[in-house]
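Its first residue numbered 0, the sequence shown is counted upward by one per residue in numbering that gives the first Met the number 0. By construction, the Cβ of each residue, glycine as well, lies at the ideal position given by its N, Cα and C atoms. Model, not experiment: these values are computed from the prediction. To keep things clear, I will list the structure first and then write my remarks on it.
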Amino acid sequence: MRTRITELFGIEHPIIQGGMHYVGFAEMAAAVSNAGGLGIITALTQPTPEALAVEIARCREMTDKPFGVNLTFLPAVTQPDYPGYIKAILDGGIRAVETAGNNPQKWLPVLQEAGVKVIHKCTSVRHSLKAEAIGCDAVSVDGFECGGHPGEDDVPNFILLPRAAEELKIPFVASGGMADGRSLVAALSLGAEGMNMGTRFMATIEAPVHANVKAALLAASELDTRLVMRPLRNTERVLTNAGVERLIEKEKALGSAITFNDIAPEVAGVYPRILRDGEMDLGAWSCGMVAGLIHDVPTVKELIDRIISEAETIIRGRLHRLLDGSFESETTRREPALA
Ligand SMILES: Cc1cc2nc3c(=O)[nH]c(=O)nc-3n(C[C@H](O)[C@H](O)[C@H](O)COP(=O)(O)O)c2cc1C
């Protein structure tokens, strides 16, 4: 399957692993890249630019395929050393950067002059058009279903993706709610040239997260995520747990008077204790509604191979047969849904 996305990043399959705080380590990125997708290391999980340089070098030892780095520009108590992280990216020979959060315009010249292709993650058509206008090479269009920060417009992918296709000239991938071959075919149908997955990649053998996290994803349904931090206009979709319910109670009680300090116990610095140490009731960690479609923990290669073969089966099988007018039994209609 070739699209402008596979060409842009020099990858075999149009599947990207989005940056994930405390998940996007070298092991995760290398596994995705080795399986033919684009793996991405999350820069800000590394405490310093020097640590990012080491992580890039570790990943380079695990794969000879292209991989990228995510740079997230979100409100932070202390601003990270962005020039330092960018230097580590360039010195590390990285050719793909996923930016997210605030407008990346300031950093585009230095990245692109070094031959880096930049894909910016956007949760709206207007931000996608802005990304195109400032010269980004591609966009990752993140619908309301997504794990992490869906923005404040609440437009799901069945509307957002075709709207993006109506307006954008640069290629884009569908992000949010993507899990399997059905997702990929749907994304392509709606105008995307590939897909970006976060949550689904956490439930793989290689994902460097605690077994409790993978078990929580298997147990969760599509009803188990919550939106937090909306009153602060920094909405995050997270998996519910005791800490998250406590946070939501504070949001209800304090209303518009709430400040970051009120919810700091449930959000500040909790990622390592949840994702690495498995303290599942501590607080908020990003998780998409797609948890409802996660029923197993395969290797990354099994997952990606299955997605591609499911997509091919749907296109050559079910969709083709619809045009032929052939009768579809209940079983073939459901193919190739996961067991
Ligand atoms: C645990 C977790 C951490 C994430 N951390 C980041 C991050 O640091 N920067 C970022 O740009 N996106 C982050 N994301 C968002 C993903 O890159 C991706 O856009 C999103 O997960 C797509 O939706 P999905 O989970 O439905 O696949 C995170 C997602 C998850 C699940």
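| Check | Outcome |
| --- | --- |
| Ligand 1 heavy atom lying under 7 Å from the CB of L302 | no |
| Closest Cα partner of I10 within the set V140, I39 and H148 | I39 |
| Span separating the alpha-carbon of V269 from that of H319 | 48 Å |
| Span separating the alpha-carbon of L187 from that of K213 | 28 Å |
| Segments of 4+ residues assigned as alpha helix (DSSP H) that fall wholly inside the region 141-199 | 156-166 and 180-188 |
| Which of helix, strand or coil DSSP assigns to A338 | Low confidence applies here, because A338 scores a pLDDT of 37, under 50, leaving its location unreliable; read the following figure in that light. Coil at A338, not helix or strand. |
| Spatial distance of I273 from I55 (CA atoms) | 24 Å |
| 8 Å Cβ cutoff met for E144 and P155 | yes |
| E265 CB to nearest heavy atom of ligand 1 below 7 Å | no |
| Rounded C-alpha distance that separates S325 from D153 | 38 Å |
| Alpha helix (DSSP H) segments (min. 4 residues) lying fully within the region 235-321 | 241-253, 259-266 and 299-312 |
| Proximal residues to L322 (C-beta, below 6 Å), its chain only, five neighbours per side dropped | none |
| Any 3 or more C-beta pairs closer than 8 Å across the region 253-262 and the region 117-134 | no |
| Opposing strand residues paired with Q16 [DSSP bridges] | M196 |
| Environment of K251 [buried if 16+ CB atoms lie within 10 Å] | exposed |
| M196 versus A87, I247, I14 and R59, residue with shortest Cα-Cα distance | I14 |
| Cβ neighbour criterion (16 or more within 10 Å) applied to L37 | buried |
| P108, buried or exposed, once every other Cβ within 10 Å from all chains shown has been counted against 16 | exposed |
| Straight-line gap, A164 to L189 (C-alpha atoms, nearest Å) | 7 Å |
| Proximity of G175 and G142 at Cβ, strictly below 8 Å | yes |
| C58 in three-state terms, based on DSSP | helix |
| Cutoff 8 Å; reference L110; Cβ partners in own chain excluding five residues on either side | I85, I88, L89, V96 and V117 |
| Endpoints, the alpha helix (DSSP H) within which G83 is located | Y81 to D90 |
| Own chain residues within Cβ distance below 8 Å of I293, not counting five before or after | A178, T198, R199, A202, L216, L217 and A219 |
| Three-state class that DSSP yields for F24 in the structure shown | coil |
| Residues that K120 bridges to, as DSSP identifies them | S139 |
| Beta-carbon spacing of H209, D295 below 8 Å | no |
| Per-residue DSSP class, three states only, for R225 | strand |
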